[in-house]
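Asker:
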Amino acid sequence: MFLASTTGTKHNPKLALYSPSVPTHTLVGRLLRPADFGNVTVLSEDIQLSGEVILQIANEPVLPFNALDIALEVQNSLKGDQPNTHQLLGLASRLRDSAELFQSDEMRPANDPRERVPVRVRMLNDILQDMEKNFLAQQVPPGFYRNILYHLDEKTSQFSILLEAWERCKSLASNETFQEALSKVLHSINSAQVYFKAGLDVFDSVLDGKN
1 MFLASTTGTK HNPKLALYSP SVPTHTLVGR LLRPADFGNV TVLSEDIQLS
51 GEVILQIANE PVLPFNALDI ALEVQNSLKG DQPNTHQLLG LASRLRDSAE
101 LFQSDEMRPA NDPRERVPVR VRMLNDILQD MEKNFLAQQV PPGFYRNILY
151 HLDEKTSQFS ILLEAWERCK SLASNETFQE ALSKVLHSIN SAQVYFKAGL
201 DVFDSVLDGK N
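Quick note on full-length UniProt numbering: the sequence shown kicks off at 1 and runs consecutively.
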């Protein structure tokens, strides 16, 4: 299932820089380095390496990120001094528990070739690919990402949508805007929790059918 065993391509030591454990956004940043564009040789090597990385990702039994990373990011994004976010921490904890169970399923085909039942691996990939959709907000403040897990900068790890709403509430008598933002975050976390649990139920059904 790995590149060297499926395509016959010689192992490239640079591929170690693009391990499945590396977050996808970091991977993209490494592949697209503006400083290299003036160097034809380096650019050619990067293009070839990019192709090898894409092939490796395509041939991995699962996608190169872990469900638990998402759940932990949700928990970290709820840390802060905004009021009422504590009510979301319990739900975030349950999301983490479900993600841990899901990740054990996610890693099994990566660690054990006998677990690489094609239909099961496809379902794992589908769930991981669609995971982000649970955190897409239909309406967000101007200048903010639709994905409420994204941040405008690295100064804070909190939900940007909550920070913006809280800043607005400081100057207003009503906290309606903040409550609306809380509802969006609550809905996103709850959707992700249901999504993981449904995925686990599907896997159990498929495995029971195989036995």
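Every residue gets a Cβ at the ideal spot worked out from N, C-alpha and C, and that includes glycine. The model shown is predicted, which means the values in this text are computed figures rather than measured ones.
What is the C-beta distance between residue 214 and L68, in whole angstroms, given that I count them as a contact (C-beta under 8 Å)?
Answerer: Because the chain is modelled from 1 through 211, residue 214 falls outside the range shown and cannot be assessed.
Asker: I'd like the list of long-range same chain contacts for L200, defined as Cβ closer than 8 Å, with 5 residues on each side in sequence excluded.
Answerer: Position 200 of the sequence shown, counted from the first residue, corresponds to residue 200. Answer for L200: S98, L101, F102 and D105, listed in chain order.
Asker: Spatial neighbours of L195 within its chain, please: C-beta separation below 8 Å, excluding the five flanking residues on both sides.
Answerer: In the sequence shown, counting from the first residue as 1, residue 195 sits at position 195. A small correction: the amino acid at residue 195 is Tyr; Leu does not occupy that position in the sequence shown. Here the set comprises I127, D130, M131 and N134.
Asker: Can you tell which of N125, A192, E115 and Q179 has the C-alpha that lies nearest to the C-alpha of L91?
Answerer: If you number the sequence shown from 1, residue 91 lands on position 91. Residue A192 is the option with its Cα nearest to L91.
Asker: Can you grab the Cα-Cα spacing for the pair V121 / R114, in whole Å?
Answerer: Within the sequence shown, residue 121 is the residue found at index 121, counting from 1. Within the sequence shown, residue 114 is the residue found at index 114, counting from 1. Cα to Cα, the separation comes out at about 12 Å.
Asker: Decide if R74 is buried, meaning its Cβ has at least 16 other Cβ atoms within 10 Å, or exposed.
Answerer: Along the sequence shown, read from residue 1 onward, the residue named residue 74 stands at position 74. Per the sequence shown, residue 74 should be read as Val rather than Arg. By the neighbour-count rule (16 or more Cβ atoms within 10 Å), V74 is buried.
Asker: Here's the rule I'm using: 16 or more other beta-carbon atoms within 10 Å means buried, otherwise exposed. How should K184 be labelled?
Answerer: For the purposes of this step, residue 184 is identified with residue 184 of the sequence shown, where counting begins at 1. K184 is buried by the Cβ-count criterion.
Asker: So for L68, helix, strand or coil by DSSP?
Answerer: Here the question's residue 68 lines up with position 68 in the sequence shown. It is helical.
Asker: Check K184 in the structure and name its three-state DSSP category.
Answerer: Within the sequence shown, residue 184 is the residue found at index 184, counting from 1. Correct three-state label for K184: helix.
Asker: Whole angstroms are fine: how far does the CA of E180 sit from the CA of N111?
Answerer: As a first step, residue 111 must be located in the sequence shown, where it is residue number 111. As a first step, residue 180 must be located in the sequence shown, where it is residue number 180. Going from the Cα of N111 to the Cα of E180 covers about 43 Å.
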